[in-house]
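The next block holds one structure in the form of structure tokens; read it before the comments.
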Amino acid sequence: MQAAEAVETIQREMTVFARRARASAGRLHPELSLVSYTLLGHLEESGGCRATDLAALHALDKSTVSRQVAALERAALIERRVDPEDHRVQLLHLTDAGRRILAQVTESRRAAFRERLAEWPPGDLERFAEYLVRYNAWGAPPAG
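Going left to right, the sequence shown walks through residues 1 to 144 as full-length UniProt numbering numbers them.
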């Protein structure tokens with residue numbers, strides 16, 4: 001396979017992967033889209049942040065994040081708190097229910113990956129993991 005053909009195959013397969021990820025998110029929890037799951041995951045990792053930070057980090061339109069945040073608030077999965085360092089700013093935080101749902105969905109996703117990759121030799125898994133990290137690191141904003 002030549003480089004151009006390989007890139008075409010990668011593009012096609014990444015599109016299939018993204019479609020499956022979006023479809024499976026709804027099956028894992030009906031109120032939790034893939035975007036919502038991603039936002040909840042970041043809130044857990046960061047300990048809370050502003051909606052504008054979520055939009056910038058995930059390269060999403062502010063209106064998209066606003067709709068997702070409103071839905072997550074209605075579902076009582078996140079809450080707003082005043083930033084102790086700047087009382088004009090509201091930070092988004094997971095609620096206890098949000099943590100529980102995120103943990104459940106995360107475990108379901110892990111189980112699905114384990115099942116799908118169960119027959120892969122360890123070396124293939126390691127290379128695949130390294131390639132995904134390398135691919136996703138390109139053009140990513142600096143951590144921190």
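Backbone N, C-alpha and C define an ideal beta-carbon position, used for all residues, glycine too.
All values reported here derive from a predicted model rather than from experimental measurement.
For residue j and residue i, the rounded distance between their alpha carbons
{"i": "E126", "j": "R110", "result": "16 angstroms"}
{"i": "I10", "j": "Y131", "result": "12 angstroms"}
{"i": "E85", "j": "A76", "result": "25 angstroms"}
{"i": "G48", "j": "M14", "result": "30 angstroms"}
{"i": "W120", "j": "E107", "result": "20 angstroms"}
{"i": "L34", "j": "R116", "result": "19 angstroms"}
{"i": "A137", "j": "T64", "result": "24 angstroms"}
{"i": "V16", "j": "G123", "result": "24 angstroms"}
{"i": "residue 155", "j": "V133", "result": "Nothing can be reported for residue 155, as the shown portion of the chain is limited to 1 through 144."}
{"i": "H87", "j": "R74", "result": "23 angstroms"}
{"i": "residue 146", "j": "Y135", "result": "Absent from the structure is residue 146, since the part of the chain shown begins at 1 and ends at 144."}
{"i": "A129", "j": "L60", "result": "25 angstroms"}
Contact under 8 angstroms by Cβ, residue i with residue j
{"i": "L39", "j": "L54", "result": "yes"}
{"i": "L94", "j": "E44", "result": "yes"}
{"i": "A51", "j": "V69", "result": "yes"}
{"i": "R81", "j": "L91", "result": "yes"}
{"i": "D96", "j": "V89", "result": "no"}
Contact set for residue i: own chain, Cβ-Cβ below 8 angstroms, skip 5 residues either direction
{"i": "R99", "result": "E44"}
{"i": "R19", "result": "none"}
Contained beta strand (DSSP E) runs [length at least 3] in the segment 12-94, N- to C-terminal order: For the segment 12-94, whole beta strand (DSSP E) runs of length 3 or above, ordered along the chain, are 78-83 and 86-94.
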